[in-house]
Structure formats: structure tokens, C-alpha cells
Amino acid sequence: THPGQHDTFQQIPQSELAGLVAWVQLVEIVAKNDQISRRHFADNSSWSCIETAISLVASAIPLVLKGALFRCLASLAMDEHGAVKIWTTLISLSVLTKTSSGKLVGIQDELETRECTFKCYDSSIGFLHLMKTLFLHIKNIDKRYLLQYLQFIIKSIICQFADRSYENVSQMWHLCSAACDALYNFLHH
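This is the structure:
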């Protein structure tokens, strides 16, 4: 099986999953390279691209699709306008949040229960690419939420990346590199 696509409890045939990922990657490339298209993807209310993508990443979809959606969101976050919409939606849909006891939940649970089990980190790598871009646009974001995202990157990714098992060892380095890039952008801005 292709890494990230063996998460078979999802009843999406491999050919359909590959097609969905290809479409999401197409949107990512268009948005990354064309500012007008990027603005349309972010603003068109009948498409609801940001809200739909974040609703999907907050649900139990295949990890490879989730990773592609996070990367697509990263391309929409290149402009301040899209970044603010994405931050607002991530926070409102509790993609990563803290319990009253201080435990991170959301994508943290997914990292521990799905990605570590499959030894495949497509979702976390995509999420870190999103954070790398979003951390360029943090001036109006409540610091409490920023701390949760920083905690995830530092404690759950950087401090543990060498202790995890990987189906593909290059993912280990990609995970660490993307986490460091995200932290750099946070510290730099």
C-alpha cells in the first residue's frame, strides 16, 4: 500500500481517494501561484473552501487526504485575509484544543492513535506546513490559542520525533524540518 493510504477503516476506494487528493493538490497549486484565485477560494461563500476543508480535517478521514487538505489550507493562508479566516475556523472547530486538565486533544489524539499506529505522519506534516504559513500572520490571534499550537509543535512533534516509528524514515526528517520551519516563522514574526 501507499504510505498514508492504508488507514482502511475509511470506506473510500483507493482510486477515489487518489482522485480526491489530486483535486486538493490542484487547488493548492493554483492558490499558491495565483493571488486572485487564492482570494476567490477564501471568499466565495457558495464554495466555503476554508470551512469545508477544516470541517474535513476535524473529522476521521484518511490521513493522506487530511495532509493534502492542510497543505491546501496553507496555500490559502499566504495572505493575511485567508490566514485570519483559517485561524478563526481552526479555533471555532477545536481542531487543536486543551481540556480543563491541560491535555491537548483534537489532532493530538489523532497523532497518538492513528498516525503513530500506522507509522505514517501525512496529517501532521500537512498541519505543520499550515502552521508555518499561519505563524506569519499572528498579530490578532489570542495568545492562549497560539500557546496550544506551540505546545503541540514543541512537545508532541520536536521532542518526540526521534522516539517514534516510521514506515518511511524520510517522514521523520520531514516532520522535524516542518516543525522547525513553523517555529522559525513564529519566532521571526
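In the working numbering, the protein residues as written are 319 to 507.
Think of the CB as a built atom: it goes at the ideal place given N, C-alpha and C, for glycine as much as any other residue.
For clarity, every value in this text was computed on a predicted model and none was experimentally measured.
Sub-8 Å separation of residue i and residue j beta-carbons
i    : j    : result
E485 : C438 : yes
V382 : V339 : yes
K384 : S333 : no
F470 : L414 : yes
V402 : N458 : yes
S393 : K350 : yes
Q343 : K416 : no
R356 : G400 : yes
L429 : P380 : no
E346 : R389 : yes
I372 : T407 : yes
Where residue i sits in the DSSP three-state scheme
i    : result
L422 : strand
K416 : strand
I438 : First, the amino acid is wrong: residue 438 is Cys here, not Ile. Note: C438 maps to coil in three-state DSSP.
F453 : coil
I330 : coil
H492 : helix
H507 : coil
L448 : helix
L501 : helix
L274 : Any answer about residue 274 is impossible in this case: the structure gives the chain only from 319 up to 507.
Outcome for residue i when other beta-carbon atoms lying within 10 angstroms are tallied against a minimum of 16
i    : result
K450 : buried
W405 : buried
L387 : buried
L391 : buried
R462 : exposed
Q426 : buried
A480 : exposed
T435 : exposed
V487 : exposed
Q323 : A caution first: Q323 carries a pLDDT of 48, below 50, which makes its placement in the model unreliable, though a value can still be read off. Q323 should be labelled buried.
Q489 : buried
Contact test: residue i Cβ vs the ligand FMN heavy atom, cutoff 7 Å
i    : result
I476 : With respect to small molecules bound, the structure shown includes none, and the ligand FMN cannot be examined in it.
*asked:* Extract the residue ranges of the alpha helix (DSSP H) inside the region 456-485, only unbroken runs of 4 or more that lie entirely within it.
replied: The qualifying runs are 461-469.
*Do the region 444-458 and the region 490-506 make contact, defined as three or more Cβ pairs closer than 8 Å?*
yes
*Examine the Cβ distances between the region 443-452 and the region 473-493 and report whether three or more of them are shorter than 8 Å.*
yes
*Enumerate, from N- to C-terminal direction, the unbroken alpha helix (DSSP H) stretches of 4 or more residues contained entirely within the region 334-406.*
353-361, 367-375, 381-394
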